[in-house]
Amino acid sequence: NSGSITAIANAVGNGTYGTWGGAEGIEAYSIGNFVNSGNITAIANAVGNGTSVHAWVDGVQAHSIGNFVNSGSITAIANAVGGDTEAEGVYVWDIGNFTNSGNIFVAANATDGNAEAYGVWANATIGNSIGNFDNSGSILATATATGNNTEADAVGVRAGSIGNFTNKGTIEVYAQSRF
Numbered sequence: 006n007s008g009s010i011t012a013i014a015n016a017v018g019n020g021t022y023g024t025w026g027g028a029e030g031i032e033a034y035s036i037g038n039f040v041n042s043g044n045i046t047a048i049a050n051a052v053g054n055g056t057s058v059h060a061w062v063d064g065v066q067a068h069s070i071g072n073f074v075n076s077g078s079i080t081a082i083a084n085a086v087g088g089d090t091e092a093e094g095v096y097v098w099d100i101g102n103f104t105n106s107g108n109i110f111v112a113a114n115a116t117d118g119n120a121e122a123y124g125v126w127a128n129a130t131i132g133n134s135i136g137n138f139d140n141s142g143s144i145l146a147t148a149t150a151t152g153n154n155t156e157a158d159a160v161g162v163r164a165g166s167i168g169n170f171t172n173k174g175t176i177e178v179y180a181q182s183r184f
């Protein structure tokens with residue numbers, strides 16, 4: 006991708022079945038070689054007061070990517086009022102080689118709910134991996150949760166295992182939970 010990809014989801018509800026909003030810039034089961042020098046933006050907004058409100062977003066999502074090269078911009082923003090948010094810049098089960106010289110920005114913002122933000126996530130909960138990780142760009146993950154009994158979690162890079170990890174760039178993580 007050397008162009009621009011934008012995905013936006015807005016959900017507003019007031020019922021007993023919940024309100025869900027989700028957006029993914031790119032979703033694929035498997036990608037051999039992923040190269041991005043353009044802009045990928047995914048934004049999800051959910052507002053409601055039903056039994057369940059959730060906004061989730063992935064800039065790039067796949068089960069596996071052989072080679073991931075980003076020199077562009079990947080932005081993933083999830084906002085929820087009355088519920089939870091989850092945002093991932095890159096969400097993949099397995100990545101062979103990860104190279105980032107661009108910018109990955111992730112923000113999860115929740116009012117009266119929990120917020121989770123991951124810059125890069127090779128689904129560590131099931132033990133998946135990144136073979137070689139090389140960052141000379143910027144990865145920023147922020148999570149903000151506002152309200153009683155809320156939690157904010159932010160992680161720059163999460164994986165079951167990473168073969169080789171090299172960071173010559175910036176990885177920043179901010180999490181804040183407040184009343």
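Position one of the sequence shown corresponds to residue 6 (this note's numbering), numbered consecutively onward. Glycine is no exception: its CB is placed at the ideal position from the N, C-alpha and C atoms.
Cβ shell of Asn169 (< 6 Å), same chain only, five flanking positions each side left out: Asn137
Distance between beta carbons of Gly30 and Ile10, contact taken as under 8 Å: 5 Å
For the beta strand (DSSP E) that contains Glu121, what are its first and last residues? Ala120 to Ala127
Entirely enclosed beta strand (DSSP E) segments - the stretch 54–82, minimum 3 residues: 58–75
If the criterion is Cβ atoms closer than 7 Å, does the pair Tyr96 and Gln66 meet it? yes
Minimum C-alpha distance to Glu177 - residue among Ala159, Asn105 and Ser166: Ala159
Bridge partners for Phe39 per DSSP, in chain order? Phe73
Which of helix, strand or coil does DSSP assign to Phe170? Strand.
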